[in-house]
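Please read the structure below before turning to the comments.
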Amino acid sequence: MHHYPDARSVVRDLVPDEPVMLNRPHAAARAARFFAQKFPGTTMYAVKANPSPDLVQLLWDNGIRTYDVASIAEVRMVRSLLPQATLCFMHPVKTAGAIREAYHQHGVRTFSLDTLEELEKIVAATSAADGTPAEDLNLLVRLRVSSEHSELSLASKFGCDLADSAPLLQATRQHCDALGICFHVGSQAMTPFAYVQALDRVRAAIVQASVTVDIIDVGGGFPSAYPGMTPPPLEDYFAIIHRHFESLPISYNAELWAEPGRALSAEYSSVIVRVEKRRGEELYINDGAYGALFDAAHVDWRFPVRALEDDLTQPLADFAFYGPTCDDADYMKGPFDLPADIQAGDYIEIGMLGAYGAAMKTGFNGFGAAEAVVVTDEPMASLYTGELKVAQTNNVVSLR
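Residue numbers for the sequence shown follow numbering that gives the first Met the number 0, beginning at 0 and rising by one.
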């Protein structure tokens, strides 16, 4: 893979017709070390955020030893790459075949669930050929919690309601070596208070069920920085989570886990695109909704942008993007702030695409090809360099 100092040098050398993914291994390594050293428990990488083998290996090399795998394909990939890694199958709805293969062939011992039916499926699929049930399972019951403090809700698809949690926790306790409770506050949680609310619900579930709990998994939701979204320092999230974890009625040696995806991978990648046409304040570019900019189209996510030309002199203006396919849905309203004199043929770097963006690219309509190179400059925004200015708001809890 070629190495360059920055996006401008890539454009000068390649003059690319297709998008170019820019990877920053140093940024992902820094994020991994930050979590490995500062989160007060076990950090597991949510592989779905970006399943690039290069990134998965990079995180391992910088202290991440546990991986949240949500499909049998992710189980196979991570196990083949990292034979010593701990894999946790954290999708609450799995096929019996996937559970069986994960347990018997790949050494997976940790599974999540949110129904009695899934519990029965896990017990059956992990049993020995003679029907003897497994005695080494870590089973985590996923509890539904609020996503009100997050930019993207994850409160509707998975999770057991608090009112139904007691019998499920009691039944699960009978079939596992270690019982856990997990939850997900939603993607891009903009205040640590999101975890306070969730852990209060965990407390209520434990009290109602009167069971011994060995693992508390606070899931993902740890944020990155985007235009209009500058979260508090991650240390504030860690401190509040640890304080409330310590006060839970759990076993004396209970473990605290987390599943960051975005926070570990967002700063890893950006993409260079070319403007193919300008129509007023709309720019037609060569990547879009069916490529790395899925979130920009489908959930109106704003990514940082910068023009890569040296001859643009006008002030910034608001632009929308159209992607390269023939589909009208290939539209990203932004706004994306770029020089007002930008024109067809100019190049743009779109940042913070290491989480989900790089993983969502498709070949729809014949588009999707993208060369990948390494650049050594800093990402457009970072929570790990100490340079971000945090805007204080009423719902931000600061421990500093």
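Positions of the beta carbon are idealized from the N, C-alpha and C atoms, including for glycine.
Since this is a predicted model, take the numbers as computed values, not measurements.
Worksheet item: Nearest to Phe192 by CA position, among Phe237, Asp113, Arg277 and Gln207, is which residue?
Response: Phe237
Worksheet item: Which residue comes first and which comes last in the alpha helix (DSSP H) that contains Asp294?
Response: Phe293 to His297
Worksheet item: In its own chain, which residues sit with a C-beta less than 6 Å from the C-beta of Ala97, not counting the 5 before and 5 after it?
Response: Ile71
Worksheet item: Ends of the alpha helix (DSSP H) at Ser152?
Response: No alpha helix (DSSP H) contains Ser152, which DSSP labels as neither H nor E.
Discussion item. By alpha-carbon positions, which one of Phe244, Leu307 and Val92 ends up nearest to Leu337?
Written reply: Leu307
Discussion item. Spatial neighbours of Ala253 within its chain, please: C-beta separation below 6 Å, excluding the five flanking residues on both sides.
Written reply: Asp213
Worksheet item: If you pair each beta-carbon of the region 2-11 with each one of the region 243-257, do three or more pairs fall below 8 Å?
Response: no
Fill in: Cβ neighbour criterion (16 or more within 10 Å) applied to Glu386
exposed
Fill in: Residues near Ser126 by beta carbon distance below 8 Å, same chain, minus five either side
Pro132 and Ala133
Worksheet item: At what residue ranges does the region 204-275 contain a whole run of the alpha helix (DSSP H), taking only runs of 4 or more?
Response: 233-245 and 261-264
Worksheet item: Pro24 to Ala288, Cα distance in whole Å?
Response: 25 Å
Worksheet item: Between the region 47-63 and the region 347-365, do at least 3 Cβ pairs fall closer than 8 Å?
Response: yes
Practice prompt. Mind the definition here: the region 72-88 touches the region 273-290 only if three or more C-beta pairs lie below 8 Å; say whether that holds.
Written response: no
Discussion item. Please state the DSSP three-state secondary structure of Val396.
Written reply: Note on Val396: pLDDT 46, under 50, position unreliable in the model; the coordinate value appears next. DSSP places Val396 in coil when its eight states are reduced to three.
Worksheet item: Which stretch, first to last residue, makes up the alpha helix (DSSP H) that contains Thr125?
Response: Leu115 to Thr125
Discussion item. I need the boundaries of the beta strand (DSSP E) containing Gly96, first residue and last residue.
Written reply: Gly96 -> not in any beta strand (DSSP E); alpha helix (DSSP H) instead, spanning Ala95 to His105.
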